[in-house]
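Enquirer: Mapped onto the working numbering, the consecutive letters of the sequence shown carry residue numbers 3 to 1166. Glycine included, every Cβ here is placed at the ideal spot set by N, Cα and C. This structure is a prediction, so every number in the text was calculated from the model and none was measured. Dropping a structure here in C-alpha cells format, bear with me for questions.
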Amino acid sequence: MSDTISFEMGSASERPPNRFQVNPVNGNSRKAQAPEGTTPGSGAGPGDEGPHEVYRRLTNAEGELLEDDTFDATQVLNQHQPRMQRQSIKSSFRDKDKPSRFKDLQTTTRFQVDPENEVSEESNDSQEERELLENEYDTKYGKSFRHFTREALPRLDNYRNMMSIQAAYRPTLDELHNATLTGKNTHSLTRNQDLESGIMNGILKFGWIKGVLIRCLLNIWGVMLFLRLSWVVGQAGIVEGFVLILTTTAVTTITALSMSAISTNGVIKGGGTYYMISRSLGPEFGGSIGLIFSLANAVACAMYVVGFCESMLAMMGTYGWAIVDGGVQDVRIIGCVTILLLLIIVVVGMEWEAKAQIGLLIILLVAIGDFVIGTFIGPKSDEELAKGFLGYNSTLFKNNLFADYRLEKGVQHDFFSVFAIFFPAATGILAGANISGDLKDPQKSIPKGTILAIIITTGTYLIMVLQCGATVARDATGNVTDTLNGSFAFLDCQPGECLYGLQNSFQIIELVSGFGPLIYAGCFAATLSSALASLVSAPKVFQALCKDELYPKIVWFAKGYGKNNEPVRGYVLTFIIASAFILIGELNLIAPLISNFFLAAYMLINFSTFHASLAKPVGWRPTFKYYNMWLSLLGAALCVAVMFLISWATALITFAVVLALYLIVAYRKPDVNWGSTTQAQTYKNALMSVQQLNNVEEHVKNYRPQILVLSGLPNTRPVLVDLAYMLTKNLSLLVCGHVVRGSSSQKYRTYLQERAGNWFRKHRVKGFYALVDGEDFESGTRALMQASGIGKLKPNIILMGYKTDWQTCDRKELQQYFNVMHKALDMYLSVAILRVPQGLDCSQVLGSQDGWKTVADVPRTLQPNESSGDLQAADSHARNGLGGSIDSLSRNVSQASSTSDLSFIAGNQSKDVSGMPDPLDAKTANLLPNSLRKSKLKHDDPASLYKGPGGAELPKEVLQDLTQFTRKRSHAVIDVWWLYDDGGLTLLLPYIISTRRTWQSCKLRVYALANKKAELEFEQRSMASLLSKFRIDYSDLTLIPDITKKPQETSTQFFNELIKDFVVPEKENENGHSSRATLNEDEVLISDDDLLAVQDKTNRYLRLREYLREQSTKSDLVVMTLPMPRKNIVSAPLYMAWLESLSRDMPPFLFVRGNQTSVLTFYS
C-alpha cells in the first residue's frame, strides 16, 4: 500500500481501538503462527513492530493480552464477571475464535482502497486461504459480521450524545454511498463504566427507595404534621379537612404524573426540575425556574432550621432552660450551629447524607406511631382530659365533623386561608427528582418513588385528621377540677378564652401521643430532614444550571469535586444564604414566597407535559402512560390558583421574577439546542400558518414584495443583500439564492449554509439561504425561481446584480444572464437589477469576516471521527495549494450521529462557484467561529462588521460603500423614473425605502413621460392626482415632454462604441439572399436588421440617458422602469447596451419591472 494512501496507526498508547479493522487474507503477509499461549490478535511477536503491528496490545487487570477488536469495556467485565460468563460476553463484543492462521496477519484501517494505478502484491490471496474464509464464515465469523460490511448494526452506543464517554461511531452517508471515501476510525474512548451497576468507578448511585421515596417522605412530612394538622381540623372540621388535604394532594399528584411523563421520555441527567423543564420548554423557562427553585430551596433550608430551633426552644422552655434570652437570639445561635453541622454532613459525602436521612426517617415513623397508639390509649391523666383529649367519642366526632372558622389574630379564617397555611405540608415531591444525577435509573425511580410517597403521606394525613377529630375537643379550659366530678364543664368556654383544644393549642399531637418526648424527636427529625434535603437539592440544581451557562458570571459554581462531582461551592453558597435568613429570624413573610416558588416549578412541570402533548413532536414518547394532557393543564391552572390563594402579592412577585429571568435568557440567546417542545410548537405553528395562508385569496392591498436575490453567499455581495432586506424587513420574504456550478457534496452544502446563517445573524438580516447546484448559472437560477418558497410564501421578485463585464465575459455567460430575465418574466416574476458604481462583488475587498479563520491559519489535527487518510490528504492538498480540507464543521452535539470532517478531493469537485472566490482554496477557505454569541462588537459599527484581509481595518470610503443602504442618511434624494405602467412596482419599492429608519428623511422625485407636449400641464395634474390617491408623498414631479427627440451625436457615438464588438454586417450570397447562419448559431451577435428594428427604442433610451445625466447625477438612488426584453426582437448584447447607456457613471441604479399586475390601489 502506498504511504500516501495507507497510514498505519501507531502503538496502543497512540491511538484508539479501531472497530472497523479486518483480518486480511493475503498470503504474502503471513508470519509464523503465534504460540499456543498467545491470545488471538495479540501480535506476531516482539520483532513485528511499526506499521506491520497486527493487533493492538492491551493488557487487562489479570495480565491477559486482549485482542485489538474488543471494546475496552471488557476490562470492567473482567473485574465483575465470573470467568466463563466473561468469555461469552467478550465474544459478543468481538469474535474471539478466529481461525488460527489468521491470527497474525497484518491489519490495516478498515476502509482503505488501493490506488488505481498500483497493483499491490497484497491483493494476491492464496486460493487455500480464500476457501478457508468461505468455509469458516458461518461458524467462525458469524459473531463478527461487522467485519464484512461498512454498515453499523443497530446499537445503543450509536445513539448516544456525541460528548458521551460511550458514544460510538456510525458511518456517514457519504462513506456508505461514495466508494472512494475512506472510513473513519472508531470514536471509541476508554470504557471504564458499567452502566448496569449502581457503582461506576466508585460513584455512588441510589435506588428508588433510598434516592426518591425516603427523600420525598421526609420532605413532605414537615413541621406542619406536628404543629398545624390539629389546628386545621379545628378550623375546617373533618369533612372540609378531608377536602382540603385531597385538594393539595390533587395538585401534587397531577404534578407527579406530569413529572413522571417527562422523566420517562429519555435519559434524565443531573439537575432534576431544572433539567426536565429546560429540556422540555427550552432554556428560557428552564433557566428562570432553575434559579428561583435553587433560591427557594436555600431559603427553605433556613425556614426548616428555624422551625427546628423553635421546637427546641419549646422543649427547653418546659425545663426552664435558655442560652441567652430564650427568644430570637437563641434561635440564631442554635440555627447557625445546626446549619453548620448539616453542611458538614453533606460535604463529607452523599453516602453519609443518605444514612442520616434513614435515621431521621426511623425517628419520624416512631413519632407518628407514638401518636396513633396514643389515640387508642386515651387520656393518661385528668390533666390531659381537662386539656380536651377525651379519647374516641362519637358525640365529639359529630361535633368536629363540620367547619368552625374563627377570627384569629385579626384574620377571619375561611377554607382558602387555612388551605394556604397547610399547603406547604404537601410540597417536597421534587426532593427525589432534584438529585436525578445521583439515581441509578431516574426513569423508573422518579415516578415510582414520588407517587408512592404522595400516597403514603396523604394516607397519613387523612388518618391523623380522623383521629384528631374523634379524640380531641375544639375548646378546653385545662381546669382539672372540672373533671373530678365527672362533668364536662371543662369543655364549656367561649372561643378565644380557652388555651387548649384543637383551635387553641399547637401541641395537640404531643398531648395525644403515648410518650410525649418522642413527638419532639419526630418534630426535630421532620425539620432536620427537610433542611437536609433542601441543602442538597439547591446546590445540585444550581450546579446543573451553571454548567449550561445560561446566566453570566455563575459558571464558577459549576465545578464539582470528588467521584460524585459534588457541588461543594454550591453547598457553601447555600450555607451562606441560609445563614443570612436564619439570622433574620423572621420568616413569616418569606414562607409564602417559598411556597410560590415551588408552585411555579410545579406549574411549569405540568405545562411542559401539556405543551409536549399538544405539540406532539415525534420525540415525545414517554414510557409512563398514566398521564393526560388536559389533566396536566388543569394541574398547571390549579398551581396558579393556589399561588394567588396563598398570597396574591407574592404570586405577582414570583411571576415578575420568572419573567425577568426569562427575558435575560431570551436576550442572551444561549448557544444551546435541546430539542424543546417550544421548537416543536414553532414548527407546528409555522406549518399551520402557511397552510392557512394558502386559503387566503390575494388582494392588491395585501401585496408584499417577496424577493429572491441572486447574491451567492451573502458575505460576497452584502450591498445587494442590504437593499433586498431594506425592502423586506418586517414585511415579507427574503431568499438569498446561490448557484454552485457542478455537483457538490452535502458536507460542502452544509458548510455554505452555516456560513450564510452566521452572516445573517451577525448582520441581523432575517432571510433564508437557498443553495442549488447545476450545470450552469441559467439552469441553477431556473431551479431557484421554480422551487424557492412554499405555498403563498414564494418570491414574486427576482433581484440580480448588474453584469458589469457583459462586454468582455464569455458570450455564453452573457446569453445565460439574459435568459434568466426571460425565464423570470415567463414565470410572471417581477425583475429588479441593481448597479452600484463600485460593483457588487466585495470578495476581494473583504477578508475572512464573521470570525472565520482560514485553513492556512489553523493547524490541521486529527479529529476524533477522522481517519488518518484525511489528515494526510489535507496536509498534501494544503501544501500544494489545491484546497485541502475544510476543517471541522461546528458540530451540534445534541445529534447522536457523527458529523465527520469536511474533506474534498480536488479531482471530484468542480470549484467554479458562480463567480465567487473558491471557499475550498487554502487561502480563502473559512472555518466556523467557535461562538458567535460571545462577540462583543456593536452591530451599528461598520468597522466591526467588515474587515480586510488578515483582519485589517478598511478605509472609510470602502466602509461607506459597503454600508450605503444600512447607514443613516440625512437629506437623501431618490429619483423615481416611472416610465411605463408596470403595475406600480417601480413606484412602490422606492416608497418602501423612504419609510425605513435610515432613509426616513429622504425626498422622492418622480419623473414620468408625457404623451403630448401640448397637454403637458393636464398630464402633470393627472399624475399628481394619481400619486395623491396612492397616498405617496413626493417632493417634486417632472414630466419629460420630448422623449422622441433625436439624441445628441455624442450619445449615438457612445452607444455605437458599446456594441461595436457585437455587430455583424449581413452578407449576400450568390442568390442575393442574406445569410443569417452566423446569427442562428450565436445569438449574442447583433445584425444591422436588429439595430434598425429597434432604432426608435434605442434613441429613446439614449435621450433618457441625457435626461438622467442632467437630472439625477447628484441623487443618492435612481429607480427606473426596466426596459422590456422582447423575445426574438432584442438580443442580449443590444439589451445590455441599453442598460449600460442608462446607468453608466450614475449613482446606485435600480432597474425595476413589475409583472403588469397592480401592486398599488387607491381604494380603501
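Does the beta-carbon of A658 have 16 or more other beta-carbons within 10 angstroms, so that it is buried, or is it exposed?
Expert: Result: exposed.
Enquirer: Quick one: complete alpha helix (DSSP H) runs, 4+ long, within the region 739-770?
Expert: Within the region 739-770, the complete alpha helix (DSSP H) runs of at least 4 residues are 748-765.
Enquirer: If I follow the unbroken beta strand (DSSP E) through F418, where does it start and stop?
Expert: It is not in any beta strand (DSSP E) - F418 instead sits in the alpha helix (DSSP H) that spans F417 to F424.
Enquirer: Mind reading off the beta-carbon distance from S2 to I270? Whole number of angstroms is fine, and I expect it under 8 Å.
Expert: In this structure the chain extends from 3 to 1166, so residue 2 is not present and cannot be described.
Enquirer: Check whether the region 706-725 and the region 747-761 touch, using three or more Cβ-Cβ pairs below 8 Å as the test.
Expert: The region 706-725 is in contact with the region 747-761.
Enquirer: Give every residue of the same chain whose Cβ lies closer than 8 Å to the Cβ of V333, excluding the five residues on either side of it in the sequence, and list them in chain order.
Expert: Only V308, C311, E312, L315, I584 and G587 meet the Cβ criterion.
Enquirer: Please go through the region 323-400 and give each complete alpha helix (DSSP H) segment of 4 or more residues, from N-terminal end onward.
Expert: Qualifying alpha helix (DSSP H) stretches, in chain order: 330-350, 352-379 and 384-388.
Enquirer: So, are the CB atoms of V253 and L640 less than 7 Å apart?
Expert: Yes, Cβ-Cβ distance for V253 and L640 is below 7 Å.
Enquirer: Contact check, D1063 vs Q694 under 8 Å by CB: the rounded distance?
Expert: Actually they are not in contact, since the Cβ atoms of D1063 and Q694 sit about 55 Å apart, beyond 8 Å.
Enquirer: What is the C-beta distance between S972 and D176, in whole angstroms, given that I count them as a contact (C-beta under 8 Å)?
Expert: Rounded, the Cβ-Cβ distance is 54 Å, inconsistent with contact.
Enquirer: Could you check what DSSP says for V774 in three-state terms: helix, strand or coil?
Expert: In the structure shown, V774 sits in a strand (DSSP, three-state: E or B).
Enquirer: For L722 versus V711, is the C-beta distance shorter than 7 Å?
Expert: Against a cut-off of 7 Å, the Cβ pair of V711 and L722 comes out as a contact.
Enquirer: Please report how far the alpha carbon of T679 lies from the alpha carbon of Y276, in whole angstroms.
Expert: Whole-angstrom Cα-Cα distance: 15 Å.
Enquirer: Leaving out the 5 sequence neighbours to the left and right, which residues in its chain are closer than 6 Å to Q237 when beta-carbon positions are compared?
Expert: Here the set comprises Y407, H415 and V420.
Enquirer: Among R230, T459, P444 and G289, which residue has its Cα nearest to the Cα of L248?
Expert: Selected option, being the one with the closest Cα: T459.
Enquirer: Are the beta-carbon atoms of G213 and S531 separated by less than 7 Å?
Expert: Contact: no.
Enquirer: Run through DSSP, which three-state label would F1151 get?
Expert: Strand, per DSSP.
Enquirer: Looking at the structure shown, is M1122 part of a helix, part of a strand, or coil, going by DSSP?
Expert: The answer is strand: DSSP assigns M1122 an E or B state.
Enquirer: Under three-state DSSP, which class holds E153?
Expert: Correct three-state label for E153: coil.
Enquirer: State whether the region 770-787 contacts the region 683-702, with contact taken as three or more CB pairs (one from each stretch) at a distance under 8 Å.
Expert: Taking 8 Å as the limit for Cβ pairs, the verdict is that the region 683-702 does not touch the region 770-787.
Enquirer: In whole angstroms, what separates the C-alpha of E512 from that of N481?
Expert: Taking the straight line joining both Cα atoms gives about 19 Å.
Enquirer: When you compare each of F208, I1042 and P1150 to T965 by their alpha carbons, which one comes out closest?
Expert: Looking at the Cα atoms, P1150 is the closest of the given residues.
Enquirer: My understanding is that S296 touches V543, with C-beta atoms under 8 Å, so please give their C-beta distance in whole angstroms.
Expert: Indeed they touch by this definition, with Cβ atoms about 5 Å apart.
Enquirer: With a threshold of 16 other CB atoms inside 10 Å of the CB of H740, please say whether the residue is buried or exposed.
Expert: By the 10 Å Cβ count, H740 comes out buried.
Enquirer: Can you list, in chain order, the residues of its chain whose CB lies under 8 Å from that of S790, leaving out five sequence neighbours each side?
Expert: Only L710, V737, G739, A772, K796 and P797 meet the Cβ criterion.
Enquirer: Could you give the C-beta distance for N221 and G393, rounded to a whole number, given that I count them as a contact under 8 Å?
Expert: About 33 Å; that fails the 8 Å criterion.
Enquirer: Alpha carbon to alpha carbon, how far is G434 from V374?
Expert: Approximately 28 Å, taken between the alpha carbons.
Enquirer: From which residue to which residue does the alpha helix (DSSP H) around D443 run?
Expert: Per DSSP, D443 belongs to no alpha helix (DSSP H) and is neither H nor E.
Enquirer: Using alpha carbons as the reference points, say which of Y629, K1129 and L1152 lies closest to M1122.
Expert: The shortest Cα separation from M1122 among Y629, K1129 and L1152 belongs to L1152.
Enquirer: What is the DSSP secondary structure of K958, counted as helix, strand or coil?
Expert: If DSSP states are grouped into helix, strand and coil, K958 belongs with the helices.
Enquirer: Hey, how far is the Cα of S1037 from the Cα of S1030?
Expert: Cα to Cα, S1037 sits roughly 12 Å from S1030.
Enquirer: Grab the span of the alpha helix (DSSP H) containing D784 for me, first residue to last.
Expert: The sequence given here has Arg at residue 784, not Asp. From DSSP, the alpha helix (DSSP H) with R784 extends over F779 to A789.
Enquirer: In three-state terms, what does DSSP make of S1089?
Expert: Here S1089 sits in strand by DSSP.
Enquirer: If contacts are defined as beta-carbon pairs under 8 Å, then I521 and F228 qualify, I think. What distance do you get, rounded to the angstrom?
Expert: With 8 Å as the limit, I521 and F228 qualify as a contact, their Cβ atoms being about 6 Å apart.
Enquirer: Assuming A580 and G224 form a contact by the criterion Cβ under 8 Å, report the distance between their Cβ atoms to the nearest whole angstrom.
Expert: About 16 Å; that fails the 8 Å criterion.
Enquirer: Could you spell out where the beta strand (DSSP E) holding W979 opens and where it closes?
Expert: Here the beta strand (DSSP E) through W979 covers V975 to W980.
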